[in-house]
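Numbering (this note's numbering), first residue to last: 29 to 265. We put the CB at the ideal spot given by N, CA and C, even for glycine.
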């Protein structure tokens, strides 16, 4: 009896553990860096992390998640400033989401002009996930930015990269409904489509009603004539 109770307890704990693992949010790490084509490649730095909820609860239009900035974020911005001048037009600010099982070259990345970062005050990140919760793509936006996307004048550009208020959203695509397909045409034993039956003429469609109408006319006969006056016409004086 004790062995049976012990087995039931073990099975119950395994079930609870699996259910907790399915509902527990997954952790994703976001990285960033500033690069320039004429300068050495800058290493990735941890930008922050997010917790992804269970995929079925994620909306196709985007579900906001809590973003936890990295503790070294201020030091990273200072390092970026020392490595790449924010006023350089060809500088690029890159944001990537980490995929631990893959190399850095295959991480989903979004790129923004580095010269637009110092004049912006907020940013948003949208991470596109597969139905299983794997990151597939990344969108990064800055606000405000010029409508034409050009870099501001060097005199208007700050000499450092500021810390932004960052909002993060996750999306999971939904499959569209399957189109309704017509049934294939019937085939003959030789594999040739069966030709449709020829359309009937007017007489072939309605001959029964015509015959009934004519029969009614024949049975009813011609209309009766009014009876003639037997006394004949009266003579006039």
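- Take the alpha-carbon of residue 162 and the one of residue 79: they are about 13 angstroms apart.
- By the neighbour-count criterion, in which 16 or more other beta carbons inside 10 Å mark a residue as buried, residue 124 falls on the buried side.
- The criterion of a C-beta distance shorter than 8 angstroms is satisfied by residue 120 and residue 141.
- In this structure residue 143 does not touch residue 84 by the C-beta definition: roughly 41 angstroms separates them, more than the 8 angstroms allowed.
- In the DSSP assignment, residue 86 falls outside any beta strand (DSSP E), carrying neither H nor E.
- As the crow flies, the alpha-carbon of residue 200 is around 48 angstroms from that of residue 218.
- Residue 74 places its beta carbon less than 8 angstroms from that of residue 100.
- With respect to the C-alpha of residue 96, the residue from 55, 238, 234, 176 having the closest C-alpha is 55.
- Excluding five sequence positions before and after residue 176, none of the CB atoms of its chain fall closer than 8 angstroms to its own CB.
- Restricting attention to beta strand (DSSP E) runs no shorter than 3 residues, the segment 188-257 encloses them at 193-199, ordered along the chain.
- Under the three-state reduction of DSSP output, residue 150 falls in the strand class.
- A straight-line Cα-Cα distance of about 26 angstroms links residue 245 and residue 228.
- With a cutoff of 8 angstroms on beta-carbon distance, residue 152 and residue 115 are scored as not near each other.
- In this structure, residue 148 lies near residue 173, with their beta-carbon atoms less than 8 angstroms apart.
- By the 16-neighbour rule on beta-carbons within 10 angstroms, residue 235 is exposed.
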